[in-house]
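Taking it in order: structure first as structure tokens, then the write-up.
Number of protein chains: 2
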Amino acid sequence: MSSENPKRALFAAFAEIAKALGHGARLEIIELLAQGERTVETLAARCGLSVAGASQHLRLMRRAGLLASRRSGKHVLYRLSDPSVLELTTALHRVGEGNAAAVRDIVRGYFIDRDALEPVSRKELGRRLRDGAVTVLDVRPEDEYAAGHLPNALNIPLRELSRRLREIPKGREIVAYCRGPYCVLAFEAVTFLRKRGLSARRLEGGYPEWKASGLAVESAEAPRAATT
Amino acid sequence: MSSENPKRALFAAFAEIAKALGHGARLEIIELLAQGERTVETLAARCGLSVAGASQHLRLMRRAGLLASRRSGKHVLYRLSDPSVLELTTALHRVGEGNAAAVRDIVRGYFIDRDALEPVSRKELGRRLRDGAVTVLDVRPEDEYAAGHLPNALNIPLRELSRRLREIPKGREIVAYCRGPYCVLAFEAVTFLRKRGLSARRLEGGYPEWKASGLAVESAEAPRAATT
DNA sequence: TTATTATTCAACAATTATATTGAATGATTT
DNA sequence: AAATCATTCAATATAATTGTTGAATAATAA
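Protein sequence lines correspond, in order, to chains A and B.
Residue numbers 1 to 228, in my numbering, belong to the letters of the first sequence in order.
Residue numbers 1001 to 1228, in my numbering, belong to the letters of the second sequence in order.
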């Protein structure tokens, strides 16, 4: 490991960390773990991986120092080892947005016209939360909501949105959020709500970014981990 | 490339960028390019690569959007495509320092006792530069110095330090810097100078970090690229 | 034009990473 | 203690990356 040249060894060690980020499934796992602890099974299901496959990716990332884990009963719960990991993925996103033509194309093509869905900044939402003039809508799955969410946020997972539309107070502007800047849930929720004639915008970033900014969060009674 | 699921495609695109960082030699190339433009030949020599090998690494990083290049006569000059690339490597370093045990071991083992070499912050050096009570010493090779350096810095490449010691004004504190936080040049310079009884400390980060902080820099007459 | 120089490309072997399968482990519950 | 469940490990085939060599380009100089 720490061979001849100390500098070479150091670069090699950093390269290991970068390699651990160098797989789509692993970045997806990191996005999920940014919401809170998760079991191997849950992560596998959410990312469309086999349990053994997920376990391998997780081991690799833990070795690289990106993740940590703890045992809780029969389950092993994985988490990001440190907030700096989220900063690293944010830096990766920024480079991708600025430079990689492939990313720009995907963002343009699929994330619809971003201008029309111009996000509400965290600062702005903070101000408007104090005025009470806005409904904050969390469109992530219930377990992610339970693990932590914005203050007074209403949780309606995206797939239930159509069915549970009446739960949303009328006449107030809606700000929807989900997992992060590249999570499609809030985009789709906003598009859907606007079609229904509601005034909806999405939050800049998602729950992890809000929390990382040091803003207030709430979570369900027991701070337990997601089960399914 | 941009297959079925847009989110998957996006993660895959980000993973490509991470992969492009996932090799020690490529991180070393990036550190060098953070000093300024370089030819393929120069990079190959500095990193101990064959020219063809360096060219392959460069192509890979350019495809990932990390680098850009331009032709100048017979030479092709590569550069970082954007300041966000430096931020990305900085984030990578931070994760490595915080988490990866391997990195901690290397830093402890080779970078000697960091406490004794506690760096001078950029802010502090800025203040002391205004007072004029400090000699700023650039220990990088001449061509890197020529491409850009701190205001009024004295350039004595590390390997010439012993020979040219008399060029350093007596009785003033010395602040040495080099390429960046994991460049050993300044460490070794400070260790050497202290053995000689001089009062020397090293700067936090190196030239690229100083410049990225928006602080003043100087460069040689013609803003030409390094030749060797 | 021809020769020279810097860089890129192509082809190959060697290594490393990935996906998949099924068995082994560790903790819990019956 | 046996059964169950979540996770990890091991083995394998496949695919991707790397290092190396030598030939092909592209720009300049003679």
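Glycine included, every Cβ here is placed at the ideal spot set by N, Cα and C.
Using C-beta distances below 7 Å, list every residue in its chain close to residue i, excluding the 5 sequence neighbours before and after it, in chain order.
i          : result
Glu1204(B) : Pro1119, Val1120, Ser1121 and Arg1122
Arg1046(B) : Leu1032
Gly98(A)   : none
Gln83(A)   : Residue identity check: residue 83(A) is Pro in the sequence provided, not Gln. Taken in chain order, the residues that qualify are Ala212.
Ser81(A)   : Gly65, Leu66, Leu67 and Ala68
Lys170(A)  : none
Arg127(A)  : none
Gly197(A)  : none
Pro223(A)  : Only weak support exists for where Pro223(A) lies, its pLDDT of 41 falling under 50; the value from the coordinates is given anyway. Within the same chain, Pro223(A) has no close Cβ partners at all.
What distance in whole Å lies between the Cβ atoms of residue j and residue i, which are believed to be in contact at a cut-off of 8 Å?
i          : j          : result
Leu21(A)   : Leu92(A)   : 7 Å
Glu1087(B) : Arg94(A)   : 7 Å
Glu1209(B) : Pro1151(B) : 15 Å between Cβ atoms; not a contact.
Ala64(A)   : Arg79(A)   : Contact doesn't hold; Cβ gap of about 15 Å is too wide.
Leu137(A)  : Ile156(A)  : 6 Å
Glu188(A)  : Val134(A)  : Not a contact, Cβ separation roughly 20 Å.
Thr1089(B) : Ile1030(B) : 6 Å
Arg1008(B) : Gly24(A)   : 6 Å
Gly1206(B) : Cys1183(B) : 6 Å
Leu117(A)  : Val51(A)   : About 36 Å; that fails the 8 Å criterion.
Tell me which same chain residues have a C-beta within less than 6 Å of the C-beta of residue i, skipping the five on either side of it?
i          : result
Arg1201(B) : Val1120 and Val1175
Leu1185(B) : Val1139, Leu1158 and Cys1178
Ala1216(B) : Pro1151
Lys19(A)   : none
His1075(B) : Thr1039
Tyr1145(B) : Asp1138 and Asn1155
Val1085(B) : Leu1066
Ala1220(B) : Ala1146
Ser3(A)    : Summary for Ser3(A): the model assigns pLDDT 42, below 50, so the residue's position carries little reliability; its value from the coordinates is reported in the next sentence. Answer for Ser3(A): Ala9, listed in chain order.
Met1(A)    : Per-residue confidence for Met1(A) stands at a pLDDT of 41, beneath the threshold of 50, marking its modelled position as unreliable; the derived number appears in the next sentence. Closer than 6 Å at Cβ, skipping near neighbours: no residue.
Ala153(A)  : Val136 and Asp138
Thr227(A)  : Low confidence applies here, because Thr227(A) scores a pLDDT of 39, under 50, leaving its location unreliable and the question unanswered by this model.
Beta-carbon separation of residue i and residue j under 8 Å?
i         : j         : result
Ala147(A) : Gln56(A)  : no
Leu66(A)  : Ile106(A) : no
Name the chain B residues whose beta carbon is nearer than 9 Å to that of residue i?
i         : result
Ala143(A) : In the sequence on display, residue 143(A) carries Asp and not Ala. Residues of chain B passing the Cβ test: none, with the nearest at roughly 19 Å.
Gly239(A) : No answer is possible for residue 239(A): it lies beyond the span of chain A, which begins at 1 and ends at 228.
Val136(A) : Ordered by position in chain B, no residue passes the 9 Å Cβ test against Val136(A), which lies about 23 Å from the chain.
At 7 Å on the CB atoms, spell out the chain A contacts of residue i, in chain order.
i          : result
Gly1098(B) : Asp82 and Ser84
Val1040(B) : Going along chain A, no residue has its Cβ under 7 Å from Val1040(B), so there is no contact; the nearest lies around 19 Å.
Ile985(B)  : There is no way to answer for residue 985(B), as the model of chain B reaches only from 1001 to 1228.
Val1120(B) : Per Cβ cutoff of 7 Å: no residues; Val1120(B) is ~22 Å from chain A at best.
So is the beta-carbon of residue i under 7 Å away from any non-hydrogen atom of the ligand SAM?
i          : result
Glu1118(B) : As far as ligands go, the structure on display features none, and thus does not contain the ligand SAM.
At 8 Å on the CB atoms, spell out the chain A contacts of residue i, in chain order.
i          : result
Ala1015(B) : Leu21, Gly22, His23, Gly24, Arg26 and Leu27
Ala1012(B) : Gly24
Strictly below 7 Å CB to CB, what residues from chain B border residue i?
i         : result
Arg8(A)   : Gly1024
Leu88(A)  : Ala1091, Leu1092 and Val1095
Ala18(A)  : Ala1018, Leu1021, Gly1022 and Leu1092
Val76(A)  : Within chain B, no residue comes near Val76(A); the closest Cβ sits about 18 Å away, beyond 7 Å.
Val139(A) : Neighbours of Val139(A) on chain B: none; closest Cβ ~14 Å, over 7 Å.
Strictly below 8 Å CB to CB, what residues from chain B border residue i?
i         : result
Val184(A) : Pro1006 and Lys1007
Chain A partners of residue i, CB-CB under 9 Å?
i          : result
Ala1176(B) : The contacting residues do not exist; Ala1176(B) stays about 17 Å from chain A at best.
Phe1192(B) : By Cβ distance, chain A contributes nothing, its closest Cβ being about 16 Å from Phe1192(B), past 9 Å.
Val1051(B) : Simply none; closest approach about 19 Å.
Excluding the 5 residues flanking residue i on each side, which residues of the same chain have their C-beta closer than 8 Å to its C-beta?
i          : result
Leu1060(B) : Ala1020 and Arg1026
Thr1077(B) : As written in the sequence, residue 1077(B) is Leu, which differs from the Thr given in the question. Contacts found: Glu1037, Arg1038, Thr1039, Ser1069, Arg1070, Arg1071 and Ala1225.
Asn5(A)    : none
Arg1194(B) : Ala1200
Leu1049(B) : Ala1025, Leu1043 and His1057
Stretch-stretch touch, CB-based, cutoff 8 Å, three pairs: the region 1139-1157 of chain B with the region 36-47 of chain A: Between the region 1139-1157 of chain B and the region 36-47 of chain A there are fewer than three inter-stretch CB-CB distances shorter than 8 Å, so the stretches are not counted as touching.
Kindly confirm or deny that the region 1160-1180 of chain B and the region 1008-1021 of chain B touch, where touching means at least three C-beta pairs closer than 8 Å. Cβ pair count under 8 Å is below three, so no.
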